[in-house]
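These notes concern the structure reproduced below.
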């Protein structure tokens with residue numbers, strides 16, 4: 001059982017988070033990961049769905065990881081495999097990696113609001129175990145989004161025309177890796193039209209990256225092959241065989 005003589009300060013977790021001081025940009029995203037599409041910013045009308053928000057925070061104290069794993073029901077710790085406690089909560093459905101230095105990584109959230117809420121919940125759990133936790137330095141490290149453009153893409157042509165930005169080795173990985181410079185993002189583009197956007201630190205940059213790549217994808221859209229006329233089968237042979245059958249009888 002971990003115990004501390006120092007009185008635990010709960011005030012640092014009870015204060016409301018100041019978005020203005022944090023420098024985080026808010027996006028119109030609900031807790032299910034869906035968002036309102038701004039057709040002026042995104043003329044295609046295709047919504048980018050946020051799939052994962054990775055954030056970090058500092059709990060500002062040294063942690064006994066073995067003690068946390070023994071006391072918390074939702075935690076596991078195997079130092080031979082990974083030097084952090086893996087903790088999970090259901091609402092919002094997220095996972096935290098908690099290190100002995102007090103650093104914490106939170107993954108699995110579908111929005112920035114969810115990520116902040118989950119990080120604060122993990123901090124409160126650690127605090128209730130007797131550690132002098134103070135929640136600081138919350139930062140978004142990565143925003144992962146996905147979408148479907150609803151048409152097939154000629155990856156070979158895209159790779160040739162945009163060779164300075166693309167990496168395409170279908171023998172190793174079926175998708176084309178497109179490294180965008182502004183905004184700085186990495187896009188995984190598949191022949192089916194499925195797109196994964198990662199590497200951004202704001203939702204706005206994720207949407208902006210898709211808005212910039214969409215005209216390029218349309219340029220390399222696969223044109224469907226013309227439909228062949230239906231094959232006409234002749235029944236003349238069948239008719240002659242039936243005629244012989246009736247005549248013989």
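In the UniProt record's numbering, the protein residues as written are 1 to 249.
We put the CB at the ideal spot given by N, CA and C, even for glycine.
Predicted model, so just to flag it, every value in this text is computed and none were measured.
Checklist entry - Can you tell me the Cα-Cα spacing of residue 150 and residue 133, whole angstroms? => result Here residue 150 refers to the residue found at position 150 when the chain shown is read from its first residue. Here residue 133 refers to the residue found at position 133 when the chain shown is read from its first residue. If I take the Cα positions, the gap works out to 48 Å.
Checklist entry - Should residue 99 and residue 116 be called a contact, given that it needs their Cβ atoms to be closer than 8 Å? => result In the chain shown, counting from the first residue as 1, residue 99 sits at position 99. In the chain shown, counting from the first residue as 1, residue 116 sits at position 116. Not in contact: residue 99 and residue 116 (Cβ atoms no closer than 8 Å).
Checklist entry - How big is the Cα-Cα spacing for residue 12 and residue 135? => result Locating residue 12 in the chain shown gives position 12, where the first residue counts as 1. Locating residue 135 in the chain shown gives position 135, where the first residue counts as 1. The predicted model places residue 12 with a pLDDT of 38, which falls under 50 and marks its position as unreliable, so this point remains unresolved.
Checklist entry - Nearest to residue 61 by CA position, among 123, 102, 216, is which residue? => result Here residue 61 refers to the residue found at position 61 when the chain shown is read from its first residue. Measuring from the Cα of residue 61, the nearest candidate turns out to be 102.
Item to check | Inter-residue Cα distance where the pair is residue 146 and residue 177 | outcome: As a working mapping, residue 146 is identified with position 146 in the chain shown. As a working mapping, residue 177 is identified with position 177 in the chain shown. C-alpha of residue 146 to C-alpha of residue 177: approximately 14 Å in a straight line.
Checklist entry - Is the beta carbon of residue 57 less than 8 Å from the beta carbon of residue 129? => result Indexing the chain shown from 1 puts residue 57 at position 57. Indexing the chain shown from 1 puts residue 129 at position 129. Not a contact, by the Cβ cut-off of 8 Å.
Next on the checklist: Under DSSP, the beta strand (DSSP E) around residue 161 begins and ends at which residues?
Outcome noted: The sequence position of residue 161 within the chain shown is 161, counting from 1. Where residue 161 is concerned, there is no enclosing beta strand (DSSP E), although the alpha helix (DSSP H) it sits in stretches over 155-161.
Item to check | Residue range of the beta strand (DSSP E) that includes residue 51 | outcome: Position 51 of the chain shown holds residue 51. Unbroken beta strand (DSSP E) run through residue 51: 49-58.
Checklist entry - Does the distance from the CB of residue 144 to the CB of residue 202 come in under 8 Å? => result Position 144 of the chain shown holds residue 144. Position 202 of the chain shown holds residue 202. Not a contact, by the Cβ cut-off of 8 Å.
Next on the checklist: For residue 168 and residue 183, what's the separation of their Cα atoms in angstroms?
Outcome noted: For the purposes of this step, residue 168 is taken as residue 168 along the chain shown, with counting starting at 1. For the purposes of this step, residue 183 is taken as residue 183 along the chain shown, with counting starting at 1. Rounded to whole angstroms, residue 168 to residue 183 spans 21 Å at the Cα level.
Next on the checklist: Rounding to the nearest angstrom, what Cα-Cα distance links residue 173 and residue 156 in this structure?
Outcome noted: For the purposes of this step, residue 173 is taken as residue 173 along the chain shown, with counting starting at 1. For the purposes of this step, residue 156 is taken as residue 156 along the chain shown, with counting starting at 1. Approximately 13 Å between the Cα atoms of the pair.
Checklist entry - DSSP puts residue 106 in a beta bridge; with which residues? => result Along the chain shown, read from residue 1 onward, the residue named residue 106 stands at position 106. In the DSSP output, where bridge partners are listed per residue, residue 106 has 55, 96.
Checklist entry - With burial defined as no fewer than 16 other Cβ atoms inside 10 Å of the residue's Cβ, what is the status of residue 70: buried or exposed? => result Translated into positions along the chain shown, residue 70 becomes position 70. Flag for residue 70 reads exposed.
Checklist entry - Taking the alpha-carbon positions, what's the residue 96 to residue 196 distance? => result Looking up residue 96 in the chain shown gives position 96. Looking up residue 196 in the chain shown gives position 196. Cα-Cα distance, rounded: 23 Å.
Item to check | 8 Å contact criterion, which residue 63 and residue 111 should meet: CB distance rounded | outcome: By 1-based counting over the chain shown, the position of residue 63 is 63. By 1-based counting over the chain shown, the position of residue 111 is 111. At roughly 27 Å, the Cβ-Cβ gap does not stay under 8 Å, so residue 63 and residue 111 are not in contact.
Next on the checklist: I need the DSSP call for residue 118, collapsed to helix, strand or coil.
Outcome noted: Translated into the one-based positions of the chain shown, residue 118 becomes position 118. Residue 118 falls in the helix class under three-state DSSP.
Item to check | Length of the line joining the Cα atoms of residue 164 and residue 105 | outcome: Counted from its first residue, the chain shown places residue 164 at position 164. Counted from its first residue, the chain shown places residue 105 at position 105. Looking at the two C-alpha atoms, the distance is approximately 33 Å.
Checklist entry - Measuring CB to CB, does residue 193 end up less than 8 Å from residue 161? => result The residue labelled residue 193 in the question sits at position 193 within the chain shown. The residue labelled residue 161 in the question sits at position 161 within the chain shown. Taking a C-beta distance under 8 Å as the contact criterion, residue 193 and residue 161 do not qualify as a contact pair.
Checklist entry - Secondary structure at residue 198, three-state DSSP: helix, strand or coil? => result Stepping through the chain shown from its first residue, residue 198 is reached at position 198. Here residue 198 sits in strand by DSSP.
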